[in-house]
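One structure is given here, and the rest of the page talks about it.
In my numbering, the protein residues as written are -2 to 148.
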């Protein structure tokens, strides 16, 4: 087996094809990592969550990292690490179109709402929403791939 550096184009293909990432955030020098469903569009990864620890932590420190993998076997895999910034998409008129866009992308993924506990229902823009849509604006993307065989 050998491990090689992936090109940016290869990394983009892995990110575009995936739907599950490990989201890492940090607060008070303490790391925290959780699996999360995402949808990719342009330079953004869109996600959905209920309020909780990861949202609290990302609000206090918006620098995040996501790891996305394709795993065929212990000797054949691809792993991409994305670093970026958390940006909440509140239920306000200013974010309405982007929330609708995020929802339209996420709802194409099977069971995308299950990690958040329940599927959101349409709400008035002026109403408070317990459902949190957010995006990660991607700053950097690197990847490694393992292949069976030798160099």
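Glycine is no exception: its CB is placed at the ideal position from the N, C-alpha and C atoms. Model, not experiment: these values are computed from the prediction.
- prompt: Do residue 24 and residue 62 have their C-beta atoms closer together than 7 Å?
  reply: By one-based count along the chain shown, residue 24 stands at place 27. By one-based count along the chain shown, residue 62 stands at place 65. For residue 24 and residue 62, no; Cβs fall outside 7 Å.
Using the Cβ count rule (16 or more neighbours within 10 Å means buried), how would you classify residue 81?
On the chain shown, residue 81 is found 84 positions in, with the first residue counted as 1. Label assigned to residue 81: buried.
**Prompt:** At what residue ranges does the stretch 63 to 112 contain a whole run of the alpha helix (DSSP H), taking only runs of 4 or more?
**Reply:** 93 to 103
Worksheet item: Around the C-beta of residue 146, are 16 or more other C-beta atoms found within 10 angstroms, so that it is buried, or is it exposed?
Response: The residue labelled residue 146 in the question sits at position 149 within the chain shown. Exposed, because fewer than 16 other Cβ atoms sit within 10 Å of the Cβ of residue 146.
(Q) Taking a contact to mean a Cβ-Cβ separation below 7 Å, would you say residue 38 touches residue 86 in this structure? (A) Taking the chain shown and counting its residues from 1, the one referred to as residue 38 is at position 41. Taking the chain shown and counting its residues from 1, the one referred to as residue 86 is at position 89. No, these two residues do not count as a Cβ contact at 7 Å.
| Residue range of the alpha helix (DSSP H) that residue 53 falls in? | Position 56 of the chain shown, counting from 1, holds the residue named residue 53. It spans 50 to 57 - the alpha helix (DSSP H) in which residue 53 sits, taken as one unbroken run.
| query | Excluding the five sequence neighbours on either side, which residues of its own chain have a C-beta within less than 6 Å of the C-beta of residue 36, listed in chain order? | reply | If you number the chain shown from 1, residue 36 lands on position 39. 43, 102, 103, listed in sequence order.
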